[in-house]
Amino acid sequence: MRSWIVGSVVALSFAADACAPARADYPWMFAQVTCAPTLGYFSIRRITIMNLPEKGPYLTEGLEPGPGIAEALGRENGIFDSDVLQRKPFTCSIPSFNSPNGWGAERRPGFDVKVVGHLDRNSEKSTYCEIADNAEVFLNGSSIGLLVLNPCKTGETTISIEVAHDGVELVAKKCVEPSIRDDPDGNKIVCTESPIGDVH
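Under our numbering, the residues of the sequence shown are numbered 5 to 204, in order.
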């Protein structure tokens, strides 16, 4: 999957009694997706797993998962990489229903969400940091944002999107991490809620 771009940084120890390589920390980013029609709820968030071991349960082929591993992760745990989402986008359909008496509008609207992955395997960029690697979220056919799954992205990035009915109207909640230049400690996450018609 990423064997063509992911490399290990090795530091040599010059101790007289040993010369063991030490690996630098490496983050793997995924999109974790929840679709709950019974609750009228959809969410997607970026998760980061550090230092997945080569030849381990996920990276069975060394620097990439073996056949079916990434697909099974999505099917069983709702966790996807951009490659899987590019080949088979995730869809979530929330049906409308008639509201019970005393619960606002006569009919509560439904919505459809599609998550599409983008991974440019044929990029001529010289560094992975410049290669497209993300999950884009479409709500009722319109793009409402994307989660960057590239671990070296430094600009402002969306880290989660939720869509649900708040009892009055459909609302999308989006949480964003500021640029590392604006928040070098990574402690500020800004969340905003917008009616579906105003989401962009």
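Built from N, CA and C at the ideal position, the CB exists for glycine as well.
*Beta-carbon proximity list for residue 44, same chain, < 8 angstroms, skipping 5 on both sides*: Translated into positions along the sequence shown, residue 44 becomes position 40. Once the five neighbours on either side are set aside, the close Cβ partners of residue 44 are 98, 112, 114, 168 and 169.
_Tell me which residue opens and which closes the beta strand (DSSP E) that residue 97 is part of._
Translated into the one-based positions of the sequence shown, residue 97 becomes position 93. Run containing residue 97: 94 to 98, per the beta strand (DSSP E) assignment.
*Put residue 87 into one of helix, strand or coil per three-state DSSP.*
Counting from 1 along the sequence shown, the entry for residue 87 is found at position 83. It is helical.
_Going by the DSSP bridge assignment, what does residue 37 pair with across the sheet?_
Counting from one through the sequence shown, the residue named residue 37 turns up at place 33. DSSP lists 48 as partners of residue 37.
_Am I right that residue 37 and residue 48 are in contact with their C-beta atoms under 8 angstroms? What's the rounded C-beta distance?_
Working through the sequence shown from its first residue, we reach residue 37 at position 33. Working through the sequence shown from its first residue, we reach residue 48 at position 44. That pair is a contact at about 5 angstroms.
*Under the assumption that residue 143 contacts residue 117 (Cβ atoms under 8 angstroms), give the Cβ distance between them as a whole number of angstroms.*
Taking the first residue of the sequence shown as position 1, residue 143 is located at position 139. Taking the first residue of the sequence shown as position 1, residue 117 is located at position 113. Going by Cβ atoms, the distance from residue 143 to residue 117 rounds to 6 angstroms, so yes, they are a contact pair.
*Just checking my contact of residue 149 with residue 162 at CB under 8 angstroms: how many whole Å lie between their CB atoms?*
As a position in the sequence shown, residue 149 is number 145, starting the count at 1. As a position in the sequence shown, residue 162 is number 158, starting the count at 1. With 8 angstroms as the limit, residue 149 and residue 162 qualify as a contact, their Cβ atoms being about 5 angstroms apart.
*Could you say which of 66, 82, 131 and 199 lies nearest to residue 96 if we only look at CA atoms?*
Along the sequence shown, read from residue 1 onward, the residue named residue 96 stands at position 92. Nearest of 66, 82, 131 and 199 to residue 96, Cα basis: 82.
*asked:* Could you give the first and the last residue of the continuous beta strand (DSSP E) run that contains residue 75?
replied: Position 71 of the sequence shown, counted from the first residue, corresponds to residue 75. Taken as a continuous stretch (DSSP letters only), residue 75 belongs to no beta strand (DSSP E), being part of the alpha helix (DSSP H) at 73 to 81.
*Please check the pair residue 195 and residue 178, which I expect to be a contact at CB under 8 angstroms, by giving their CB distance rounded to whole angstroms.*
For this step, residue 195 is matched to residue 191 along the sequence shown. For this step, residue 178 is matched to residue 174 along the sequence shown. Confirmed, Cβ separation roughly 7 angstroms.
_CB-CB length for residue 34 against residue 153, believed under 8 angstroms_ = Position 30 of the sequence shown, counted from the first residue, corresponds to residue 34. Position 149 of the sequence shown, counted from the first residue, corresponds to residue 153. About 7 angstroms; that satisfies the 8 angstroms criterion.
*Thinking residue 151 and residue 50 are a contact (beta carbons under 8 angstroms), I'd like their distance in whole angstroms, please.*
The residue labelled residue 151 in the question sits at position 147 within the sequence shown. The residue labelled residue 50 in the question sits at position 46 within the sequence shown. Contact flag correct, Cβ pair sits at about 5 angstroms.
*Answer with buried or exposed for residue 172, where buried requires no fewer than 16 other C-beta atoms within 10 angstroms of its C-beta.*
Reading the sequence shown from its first residue, position 168 is the one you call residue 172. Label assigned to residue 172: exposed.
_Separation of residue 42 from residue 104, as counted between CA atoms_ = Translated into the one-based positions of the sequence shown, residue 104 becomes position 100. Translated into the one-based positions of the sequence shown, residue 42 becomes position 38. So the two alpha carbons sit approximately 15 angstroms from each other.
*So is residue 94 buried or exposed if we call it buried at 16+ other beta carbons inside 10 Å?*
One-based indexing of the sequence shown puts residue 94 at position 90. Under this definition residue 94 is a buried residue.
*What three-state label does DSSP hand residue 134 in the structure shown?*
Here the question's residue 134 lines up with position 130 in the sequence shown. Residue state, collapsed to three classes: helix.
*Using the C-alpha atoms, what's the distance from residue 135 back to residue 126?*
Taking the first residue of the sequence shown as 1, we reach residue 126 at position 122. Taking the first residue of the sequence shown as 1, we reach residue 135 at position 131. If I take the Cα positions, the gap works out to 9 angstroms.
_Short of 8 angstroms in beta carbon distance, which residues of its chain neighbour residue 57, apart from the five on each side in sequence? Order them along the chain._
Against the sequence shown, residue 57 aligns to sequence position 53. For residue 57, where only same-chain residues beyond five positions count, the Cβ hits under 8 angstroms are 63.
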